[in-house]
Amino acid sequence: MAKKQSEGYLSGKESRRISKENRRITNELEKQRKRKHIPESEYVTSMHDSKNAVEFDNLHTYFFTDAGTVKSVDGVTFDVPIGKTVGVVGESGCGKSVTSLSLMQLIQRPQGQVVEGAIRLNLGDKAIDVTKAPLSEVQKLRGNFMSMIFQEPMTSLNPVFRIGQQVDEVIALHEGEGKSKEDIKKRTIELLDMVGIANSEGVYRMYPHELSGGMRQRVMIAMALACNPRVIIADEPTTALDVTIQATILDLLRRLKDKINSSIMFITHDLGVIAEMADYVVVMYAGRVVEKGTVEEIFENPSHPYTIGLMASKPVVGKKVDKLYSIPGKVPNPINMPDYCYFKDRCEMCLDCCSGKYPNEVSLSPTHKVSCYRYYEGNPGAVSLDAVTGQDQQRKEEK
Ligand SMILES: Nc1ncnc2c1ncn2[C@@H]1O[C@H](COP(=O)(O)OP(=O)(O)OP(=O)(O)O)[C@@H](O)[C@H]1O
Ligand code: SF4
Ligand SMILES: [Mg+2]
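Under the numbering used here, the residues of the sequence shown are numbered 397 to 795, in order.
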C-alpha cells in the first residue's frame, strides 16, 4: 500500500538528501569560521549611527535540521541606542532568543548559522561585526562589555558547582586583577544581596538544585550584572519571579542603566513590563520585525494587525469585556514559510493585495515603521482596535 504523503512527511531518501545538503552548507560556513587568523579588516566596521550601541542589520540566522532549514531569524533590522532600553516582543518561537544569541555568538553550531546580515557592536573607539568576528574576540567582550540574562536559569547554571563558586568565577575572570579571594567573595555576597537574596551567605554555599526557580533566576541576574556591562540582554528575566521581586529587578536594571549609561535589549511576553521599561519597542513575528517604534508610538498607535491583536489581547483596568481577544490561527511552519505576508493566514484586516510578495517596511514617522500593505499609498491604513475585536459593536449593543 502506498504511504500516505501527509504534510511534513519526509521519505528516507528525502531526509538523506537534506542531511547531505546541510552538511555541505555547514561545512563550508564552518571552514570560513574556523580559519586561524581572520584579518581585522573582515570584522572591524563602523556604526551607521554612533549613538547606537548595537545595530542588527538584515540578520538571517538559520538552523539546518534533518527536517529542513528552520529560518528562525529571517531579515531582522533594528537598533539599540546607547543608554536606552529596547523591548522585543512577539509570540513564542518568533526568534527573539535566537536574535539575542546571535549577538553573543552563542548559536548552537554547526547546525545553527548566521547566513546573512550583520550585527554591529559599538566598542567606543571602534565597532565590530559580531557575526564575522572570531570567537576569541567575542569571548573577550562577553560578561564584561555585553552580558546576557538567560531565559532558563536551570540550564545556564552548572549543577555541580556551588553558587558562590560560579559567581566568584565570573568576577575573577573579568575583574579579578589585584583582588584577593576574600575580596571576590565579598563582591559576590554584595551582588546576591543586591538582587534580593535574603540569606546571601547561606546561598553562597548552596548548589543550584537547592534554590527555587526565582532564586536561580536572581543568581543569573547577579552574574550578568557583576561586571557592569555596557550592553545587557535580558531574555525574559523576570518571568519566574513574583511581582515584588520583579519590580526590584526591573528597578535594579534601570538604575544600572542610568549609572553607566548601559543599553538594554529586553525580551519579554509581558506588555506591561515593556510599557514600564522600554524606550523603543520591536515587534517580531515568525522571524521578522513587523513593527518598531518608540514605546508611545507602539502603545498609542499600534499599526500592524499583529501588534493590534497583541494589544487587544491584554486586559485593561477599567475596561469591561466579556472575553479577551485572542489572535486566531497559528504561526506558519518555520521550515516552509509562505512567500506572501507571514501573518496573512491569521489576519483579520487582509486586503486583496496582501497575496503579493512579503510587504516592505513603510515609515509612519522617522521612528515608527511597519511592514504591512495597509500602509502602502492609496490603501486604507489603520483600523481601530475595537473594530477588529468586535468590542465597538458590543458597546453599541450595551447602550
Ligand atoms: N537549536 C535549534 N535547532 C533547531 N531549531 C531551533 C533551535 N533553536 C531555536 N530553534 C527554532 O528557532 C525558532 C525561534 O526560536 P527562539 O528560541 O528564538 O524563539 P523565542 O521567540 O525566543 O520564543 P520564546 O518566547 O518561547 O522563548 C523556533 O522555531 C525554534 O524552534
Ligand atoms: S500585509 Fe495584509 S495580511 Fe499582512 S498583516 Fe498587513 S493587512 Fe494583514
Ligand atoms: Mg526565547
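Cβ atoms here follow ideal geometry from the backbone N, Cα and C, with glycine treated the same way. Since we're looking at a predicted model, the values are computed, not measured.
- Judged by DSSP in its simplified three-state form, Gln-509 adopts strand.
- A residue is called buried when at least 16 other Cβ atoms come within 10 angstroms of its Cβ; Lys-726 does not meet this threshold and is exposed.
- Within the same chain, and ignoring the five residues on either side of Lys-575 in sequence, no residue has its Cβ closer than 6 Å to its Cβ.
- The Cβ atoms of Val-494 and Val-679 lie no closer than 8 Å to each other.
- With a cutoff of 7 Å, Met-745 counts as near ligand 2, since its C-beta is closer than that to a heavy atom of the ligand.
- With 16 or more other Cβ atoms from the protein chains shown falling within 10 Å of its own Cβ, Asp-631 counts as buried.
- Apart from sequence neighbours up to five positions away, the residues of its chain that approach Glu-426 with a beta-carbon distance below 6 Å are Pro-506, ordered along the chain.
- The DSSP-derived three-state label of Met-680 is strand.
- Within the same chain, Ile-503 come within 6 Å of Leu-497 by CB-CB distance, once the 5 residues on both sides are set aside.
- For Pro-604, the three-state secondary structure derived from DSSP is helix.
- Proximity to ligand 3 was defined by a C-beta distance below 7 Å to any of its heavy atoms, and the residues meeting it, in sequence along the chain, are Lys-492, Ser-493, Gln-547, Asp-631, Glu-632, Ile-663.
- Between the segment 588-605 and the segment 548-558 there are three or more inter-stretch CB-CB distances shorter than 8 Å, so the stretches are counted as touching.
- For ligand 2, no non-hydrogen atom lies closer than 7 Å to the CB of Cys-490.
- Annotation for Leu-720: Ser-709, Pro-711 place their beta carbon closer than 7 Å to its own, counting only its chain and skipping 5 residues before and after.
- Taking Met-550 as reference, the option from Ile-585, Glu-436, Val-615, Ile-593 with the minimal CA-CA separation is Val-615.
- In the DSSP annotation of this structure, Lys-467 is not part of any alpha helix (DSSP H); the continuous beta strand (DSSP E) holding it starts and ends at 464-477.
- In the structure shown, the three-state DSSP call for Leu-553 is coil.
- Remark: the shortest separation between the CB of Val-685 and any heavy atom of ligand 1 does not fall under 7 Å.
- Residue environment: Lys-409 is assigned as exposed (fewer than 16 neighbouring CB atoms within 10 Å of its CB, all protein chains considered).
- Taking the Cβ atoms as the reference, Val-686 lies roughly 5 Å from His-700, within the contact range of under 8 Å.
- Not a single heavy atom of ligand 1 lies less than 7 Å from the C-beta of Val-482.
- Thr-473 is the residue among Thr-473, Tyr-736, Asn-448 whose C-alpha sits nearest the C-alpha of His-456.
- Collapsing the DSSP output to three states places His-570 in a helix.
- In this structure, DSSP gives Leu-720 a state outside helix and strand, which the three-state scheme calls coil.
- Per DSSP, the beta-bridge partners of His-456 are Asp-470, Glu-512.
- Going by beta carbons, Gly-689 and His-764 fall inside the 8 Å limit.
- For Ile-414, the enclosing alpha helix (DSSP H) covers residues 408-429.
- Checking the DSSP bridge columns, you'll see Ser-532 has no partner listed.
- The nearest non-hydrogen atom of ligand 2 is 7 Å or more from the C-beta of Tyr-721.
- Taken in chain order, the complete beta strand (DSSP E) segments of 3 residues or longer contained in the segment 632-697 are 659-663, 676-681, 684-690.
- A distance below 8 Å separates the beta carbons of Ile-515 and Val-450.
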